[in-house]
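**Student:**
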Amino acid sequence: MRILHTSDWHLGQHFIGRSRLAEHQAFLTWLVQQVTELNIDAIIVAGDIFDTATPPSYARELYNQFIVELQGSGCQLVILGGNHDAAAVLNESKNLLHYLNTRVFASSSDDLAQQLVLLRNQQQQPAALLCAIPFLRARDLLQSQSGQSARDKQLSLQQAIAQHYQQLYTLAQHYNTEHQLQLPIIMTGHLTTVGVSTSESVRDIYIGTLEAFPADAFPPADYIALGHIHQSQQLKAATDIRYSGSPIALSFDEAKAQKQLWLLEFNGTVKTVTSLPVPCFQPLSSIKANLADVPVKVQQALQGISAGSTLWLELVISETDAYLTDLQQRVEQLLQGLPVQLLRLRRQRSNQAAGLTAPVQQSLSELTPEQVWQSRLQTETLSDEQQQQLTILHRQVLAKVAQTA
Numbered sequence: 094m095r096i097l098h099t100s101d102w103h104l105g106q107h108f109i110g111r112s113r114l115a116e117h118q119a120f121l122t123w124l125v126q127q128v129t130e131l132n133i134d135a136i137i138v139a140g141d142i143f144d145t146a147t148p149p150s151y152a153r154e155l156y157n158q159f160i161v162e163l164q165g166s167g168c169q170l171v172i173l174g175g176n177h178d179a180a181a182v183l184n185e186s187k188n189l190l191h192y193l194n195t196r197v198f199a200s201s202s203d204d205l206a207q208q209l210v211l212l213r214n215q216q217q218q219p220a221a222l223l224c225a226i227p228f229l230r231a232r233d234l235l236q237s238q239s240g241q242s243a244r245d246k247q248l249s250l251q252q253a254i255a256q257h258y259q260q261l262y263t264l265a266q267h268y269n270t271e272h273q274l275q276l277p278i279i280m281t282g283h284l285t286t287v288g289v290s291t292s293e294s295v296r297d298i299y300i301g302t303l304e305a306f307p308a309d310a311f312p313p314a315d316y317i318a319l320g321h322i323h324q325s326q327q328l329k330a331a332t333d334i335r336y337s338g339s340p341i342a343l344s345f346d347e348a349k350a351q352k353q354l355w356l357l358e359f360n361g362t363v364k365t366v367t368s369l370p371v372p373c374f375q376p377l378s379s380i381k382a383n384l385a386d387v388p389v390k391v392q393q394a395l396q397g398i399s400a401g402s403t404l405w406l407e408l409v410i411s412e413t414d415a416y417l418t419d420l421q422q423r424v425e426q427l428l429q430g431l432p433v434q435l436l437r438l439r440r441q442r443s444n445q446a447a448g449l450t451a452p453v454q455q456s457l458s459e460l461t462p463e464q465v466w467q468s469r470l471q472t473e474t475l476s477d478e479q480q481q482q483l484t485i486l487h488r489q490v491l492a493k494v495a496q497t498a
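Heads up: the sequence shown at position 214 corresponds to 307 in this note's numbering, and the numbers run straight through without jumps.
1) If you run the structure through DSSP and keep just helix, strand and coil, what is Val-371?
2) Considering only residues of the stretch 192-262, which uninterrupted alpha helix (DSSP H) runs meet the minimum length of 4 residues and lie entirely inside it, listed in chain order?
3) Restricting to runs no shorter than 4 residues, where is the alpha helix (DSSP H) found entirely within the stretch 368-446?
4) If we ignore side chains and look at the alpha-carbon of each, how far apart do Ala-146 and Leu-264 end up?
5) Tell me which residues share the same chain as Ser-166 and place their Cβ nearer than 8 Å to its Cβ, disregarding the 5 neighbours each side in the sequence.
6) Which full runs of the beta strand (DSSP E) of 3+ residues lie inside the stretch 102-184, going along the chain?
7) Taking the continuous beta strand (DSSP E) assigned at His-50, which residues delimit it?
8) Check the C-beta distance from Pro-388 over to Leu-427 and give it rounded, since I have them as a contact under 8 Å.
9) For Gln-351, does the three-state DSSP call read helix, strand or coil?
10) For Ser-337, count neighbouring C-beta atoms within 10 Å of its own C-beta (all shown protein chains included) and say buried if the count is 16 or more, exposed if not.
11) Could you check where the beta strand (DSSP E) with Ile-334 kicks off and where it finishes?
12) Assuming contact is defined by CB atoms lying nearer than 9 Å, are Glu-407 and Leu-436 in contact in what I supplied?
13) Just checking: is the beta-carbon of Ile-133 within a distance shorter than 9 Å of some beta-carbon in chain B?
14) Under the assumption that Ala-180 contacts Ala-199 (Cβ atoms under 8 Å), give the Cβ distance between them as a whole number of angstroms.
15) Ile-341 to Ser-186, Cα distance in whole Å?
16) Taking Ser-344 as the reference, give the member of Arg-111, Cys-224, Leu-328 and Gln-251 with the closest Cα.
17) Measuring CA to CA, which of Leu-170, Leu-121 and Ser-339 is closest to Gly-214?
18) Judging by CA-CA distance, which residue of His-177, Ser-150, Val-371 and Glu-358 is the nearest neighbour of Ala-350?
19) Rounded to whole angstroms, what is the Cα-Cα separation between Thr-484 and Trp-466?
20) Alpha carbon to alpha carbon, what distance is there between Ile-380 and His-403?
21) Could you please give me the residues that DSSP links to Gln-326 through a beta bridge?
22) Please state if the CB of Tyr-262 and the CB of Pro-312 are separated by a distance shorter than 9 Å.
23) Going by C-alpha distance, which of Gln-218, Arg-113, Leu-163 and Ser-100 is nearest Gly-361?
24) Please state whether DSSP places Phe-311 in a helix, a strand or coil.
25) Please state if the CB of Ala-139 and the CB of His-98 are separated by a distance shorter than 9 Å.
26) In this structure, does DSSP put Arg-488 in helix, strand or coil?
27) Could you tell me whether the Cβ atoms of Leu-420 and Ile-410 are closer together than 9 Å?
28) Specify, as a first and last residue, the run of the beta strand (DSSP E) that Leu-319 falls within.
29) Can you tell me the Cα-Cα spacing of Leu-250 and Lys-364, whole angstroms?
30) Within a Cβ cutoff of 8 Å, which residues of the same chain sit near Glu-116, ignoring the five residues on either side of it in sequence?
31) Do you know how far the Cα of Arg-423 is from the Cα of Ser-368?
32) Output needed for Leu-121: all residues of its chain with C-beta closer than 6 Å, excluding positions within five of it in sequence on either side, in chain order.
33) State the DSSP-derived secondary structure class of Leu-343, mapped to helix, strand or coil.
34) In whole angstroms, give me the CA-to-CA distance for Ala-206 and Glu-162.
35) Among Asn-184, Tyr-151, Ser-378 and Glu-358, which one has its Cα closest to the Cα of Asp-346?
36) Taking only three categories from DSSP, how would you classify Leu-276?
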């Protein structure tokens, strides 16, 4: 049994005014090729199929076309909803896609048996059990109770999520016992887990006041396929818990990261997990330099880029030249004739000169709600306790907004 674990496609994303259509098309074409070449039995997409709750029509077309092109391979596809995905959008084609060997789980179900999926190999033999768990919203698990403190709500939600996982794991164990099988049990999820490394493109998930779910609260499944964190990584835990990361760089701080999928292979009870590198379909680079060093550093960044490609560039100009009023024009002259598109120009300032922590010329769309809030707090004279209380209230408001999205 061979399974590919991927997540965080963010179809329809615009990157500082640039469409990612060509990159996503190239990735999905490459993915179909890998399914054929590697004899993949199933693909798990652990959330954030789309970048927004109202994806553009071309993003939906990419999604549907990929499923159509996958049909010749016989590969099973399991789609999990993420915090960016609208359940209504994923559910609108759910029943139709079921006839195309695709299972869609936009939200949790009252009937847990509906979230248990039997995965078969190419010979149509039972090969694994999948506990299909999408992004869990507080309203799906809890009823609000008056008089609860923020801490009480956090503990209640953590317990409810842990219970949801444990109940599904127990259901999978009962299936194995009832059918006299020893199928490996795989679980999914779309959430932040304690101890992960994040990037600037990850928009924080606040489920109620729960910021991160402890790794030791997961059941001892054979593999837990997670989404939401864009850096591929394995957690240091007794259970094999991994994030596949996004297949393309979604922010400049991911530019140097080798994007990948996880390839799981089960041979009876023996499991192997290997990395499957994803090609870079659009080179990005973030360069910090003074004005004089820009040409040399840009040329270095262009090395290894294939002919015909254009580098998307972020420039952070050092403090020595940050004062220049005609900085934009000077930079554009230095880049003239090079296969480069300057997407973002920043002026590096000291903390005292910058005022707010956000760099000069950084737009609001580039910041998370938490970063905006923390920047705002720094302008006020408040005690630590007051800041903490206000931050808790702010996160509760964000949670209510997310629940209505």
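Even glycine gets a Cβ: it sits at the ideal position worked out from N, Cα and C.
**Tutor:** For this structure:
1) It is coil, neither helix nor strand.
2) Runs of the alpha helix (DSSP H) inside the stretch 192-262: 231-234.
3) Those alpha helix (DSSP H) runs which fall completely within the stretch 368-446 and span 4+ residues are 387-395 and 420-428.
4) C-alpha separation (whole angstroms): 31 Å.
5) Setting aside the 5 residues that flank it on each side, Ser-166 is surrounded in the same chain by Val-125, Val-128, Thr-129 and Ile-133, each with a C-beta closer than 8 Å to its C-beta; the list follows chain order.
6) Fully enclosed beta strand (DSSP E) runs of 3 or longer: 135-139 and 169-173.
7) This structure cannot settle anything about residue 50, because the visible part of the chain is limited to 94 through 498.
8) Confirmed, Cβ separation roughly 6 Å.
9) If DSSP states are grouped into helix, strand and coil, Gln-351 belongs with coil.
10) Within 10 angstroms of the beta-carbon of Ser-337 lie 16 or more other beta-carbons, which makes it buried.
11) 334-336 is the extent of the beta strand (DSSP E) around Ile-334.
12) Cβ distance < 9 Å, so Glu-407 and Leu-436 count as in contact.
13) Within the model displayed, chain B is absent; a lone protein chain is all it includes.
14) A Cβ-Cβ separation of about 4 Å places Ala-180 in contact with Ala-199 under the 8 Å criterion.
15) One C-alpha to the other measures close to 26 Å.
16) Restricting attention to Arg-111, Cys-224, Leu-328 and Gln-251, the CA atom closest to the CA of Ser-344 is found in Arg-111.
17) As written in the sequence, residue 214 is Asn, which differs from the Gly given in the question. Comparing C-alpha distances from Asn-214 to each of Leu-170, Leu-121 and Ser-339 shows the shortest one belongs to Leu-170.
18) Nearest Cα to Ala-350 within the set His-177, Ser-150, Val-371 and Glu-358: Val-371.
19) Their backbone Cα atoms lie some 8 Å apart in a straight line.
20) The residue asked about is misnamed: residue 403 is Thr in this sequence, not His. Approximately 16 Å between the Cα atoms of the pair.
21) Residue pairing by DSSP places Gln-326 opposite Tyr-336 in a beta bridge.
22) Contact: yes.
23) Among Gln-218, Arg-113, Leu-163 and Ser-100, the Cα nearest to that of Gly-361 belongs to Gln-218.
24) Three-state result, Phe-311: coil.
25) Against a cut-off of 9 Å, the Cβ pair of Ala-139 and His-98 comes out as a contact.
26) If DSSP states are grouped into helix, strand and coil, Arg-488 belongs with the helices.
27) With a cutoff of 9 Å on beta-carbon distance, Leu-420 and Ile-410 are scored as near each other.
28) First-last of the beta strand (DSSP E) with Leu-319: 316-320.
29) Spanning the alpha carbons of Leu-250 and Lys-364 requires a straight line of approximately 32 Å.
30) Answer for Glu-116: Ile-341, Phe-374 and Gln-375, listed in chain order.
31) Cα to Cα, Ser-368 sits roughly 43 Å from Arg-423.
32) Same-chain partners within the cutoff: Phe-159.
33) Coil.
34) Roughly 29 Å separates the two Cα atoms.
35) Comparing Cα positions, the closest option is Ser-378.
36) In the three-state scheme derived from DSSP, where H, G and I count as helix and E and B as strand, Leu-276 is classed as coil.
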